[in-house]
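Residue numbers (the numbering used here): 10 to 274.
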Amino acid sequence: MRENPSATAREAVLRAAGLPAVDLGAVVAEQDDPPVFATVSGAHLYGFPSRDSDVDLRGAHLLPTAALVGLHEPAQTRTLMWERDGVEMDLVSHDLRKFARLLLRRNGYVLEQLLSPLVVHTSGVHAELTALAPGLLTSHHAHHYRGFATTQWRLFERTGELKPLLYTLRVLLTGIHLMASGRVQPHLPTLAGELPAPAYLPELIAAKEQAEHGPAGEVVAASRLRADVEALHARLDAAQAATALPDAPGGRDALHDLIVRARLG
Numbered sequence: 010m011r012e013n014p015s016a017t018a019r020e021a022v023l024r025a026a027g028l029p030a031v032d033l034g035a036v037v038a039e040q041d042d043p044p045v046f047a048t049v050s051g052a053h054l055y056g057f058p059s060r061d062s063d064v065d066l067r068g069a070h071l072l073p074t075a076a077l078v079g080l081h082e083p084a085q086t087r088t089l090m091w092e093r094d095g096v097e098m099d100l101v102s103h104d105l106r107k108f109a110r111l112l113l114r115r116n117g118y119v120l121e122q123l124l125s126p127l128v129v130h131t132s133g134v135h136a137e138l139t140a141l142a143p144g145l146l147t148s149h150h151a152h153h154y155r156g157f158a159t160t161q162w163r164l165f166e167r168t169g170e171l172k173p174l175l176y177t178l179r180v181l182l183t184g185i186h187l188m189a190s191g192r193v194q195p196h197l198p199t200l201a202g203e204l205p206a207p208a209y210l211p212e213l214i215a216a217k218e219q220a221e222h223g224p225a226g227e228v229v230a231a232s233r234l235r236a237d238v239e240a241l242h243a244r245l246d247a248a249q250a251a252t253a254l255p256d257a258p259g260g261r262d263a264l265h266d267l268i269v270r271a272r273l274g
């Protein structure tokens, strides 16, 4: 029996990103409602997984029409955490309508999940959503990345751990890149190659590969980190002020049409 070439190619991309040899497609297929798409997010998508990183599966699914028109209020988000073959799994999936509403709220997370190259399951609806994504980008997505960076930096100041530090640097660079280019790029090594970035990033990534919650102090001094993070915030502010991205997302009617067709079809 010949393998599906596209599925084989997706598997190769997943392995190259450092994901464990677990049948993630089977994991998605076990869920109750038809998946629209499932991708890998988290450290594997961002380019700094550790040896013991869990697998963050994210996506959208279709609730049955009957669940939405009756008296009962269905859960529109499915969240599961479990272990398979010694690997920790973390699945979050939204019903398509909720996912679309999150896209319209200038949510950087869902855009990164939608556009992730680490594809576990795809569909025609996924392809249509991806095609609509550029029209959903706005200058206000900078607020998402700025806010998340602030939260992660506070966590780093309390713990001194590599993980929140790398998240801080990653989201600031992603926000700067998005404002300048109009493209979502969550992969930190790629960002470091395309934008001016702290020279010690490869050392931080290498250190985190060895220990998910390792300390950052052995790589770079806290005073230098603070100055660099402040400089990145200033660059994000400047990039937002100069961006060609619009104030509001487009594509609402197209998203509505897609949801109706997917639900009724």
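Even for Gly, the Cβ is constructed at its ideal location relative to N, Cα and C. Treat the numbers as computed from the prediction; the structure is a model and nothing was measured.
Where A76 falls: helix, strand or coil (DSSP): Indexing the sequence shown from 1 puts residue 76 at position 67. Helix, per DSSP.
Closer than 8 Å to chain C by CB, A16: Annotation note: the requested chain C is absent from the structure, which comprises a single protein chain.
Alpha helix (DSSP H) segments (min. 4 residues) lying fully within the stretch 84–141: 105–113, 117–124, 133–141
Nearest-angstrom Cα separation, counted from L113 out to E20: For the purposes of this step, residue 20 is taken as residue 11 along the sequence shown, with counting starting at 1. For the purposes of this step, residue 113 is taken as residue 104 along the sequence shown, with counting starting at 1. Roughly 31 Å separates the two Cα atoms.
Cβ neighbour criterion (16 or more within 10 Å) applied to L105: The count along the sequence shown starts at 1 and reaches residue 105 at position 96. L105 comes out buried.
With 16 other Cβ atoms within 10 Å as the buried cut-off, status of D256: Taking the sequence shown and counting its residues from 1, one reaches residue 256 at position 247. Classification of D256: exposed, given that the 10 Å Cβ count is below 16.
For R261, the first and last residue of its enclosing beta strand (DSSP E): Within the sequence shown, numbered from 1, the residue matching residue 261 stands at position 252. Looking at the DSSP string, R261 is not in any beta strand (DSSP E); the run it does join, the alpha helix (DSSP H), is 261–273.
Beta-bridge pairing of T177 - partner residues as DSSP gives them: Walking along the sequence shown from the start, residue 177 turns up at place 168. Partner(s): none; T177 has no beta bridge.
Rounded distance between the beta-carbons of L213 and L174, thought under 8 Å: Taking the sequence shown and counting its residues from 1, one reaches residue 174 at position 165. Taking the sequence shown and counting its residues from 1, one reaches residue 213 at position 204. Sure, about 7 Å apart at Cβ, within 8 Å.
Cβ-based neighbour list, I268, same chain, cut-off 8 Å, excluding 5 preceding and 5 following: Residue numbering aside, residue 268 sits at position 259 when the sequence shown is read from its first letter. Cβ neighbours of I268 beyond the five flanking positions: L105, R106, A109.
For S232, the first and last residue of its enclosing alpha helix (DSSP H): Here the question's residue 232 lines up with position 223 in the sequence shown. Here the alpha helix (DSSP H) through S232 covers 231–251.
Length of the line joining the Cα atoms of E166 and T160: Along the sequence shown, read from residue 1 onward, the residue named residue 166 stands at position 157. Along the sequence shown, read from residue 1 onward, the residue named residue 160 stands at position 151. Looking at the two C-alpha atoms, the distance is approximately 10 Å.
Reduced DSSP secondary structure (H/G/I, E/B, other) of A47: What you label residue 47 is simply residue 38 of the sequence shown in a count that begins at 1. If DSSP states are grouped into helix, strand and coil, A47 belongs with the strands.
Member of T177, V101, L80 whose CA lies at the smallest distance from the CA of T86: Working through the sequence shown from its first residue, we reach residue 86 at position 77. Comparing Cα positions, the closest option is V101.
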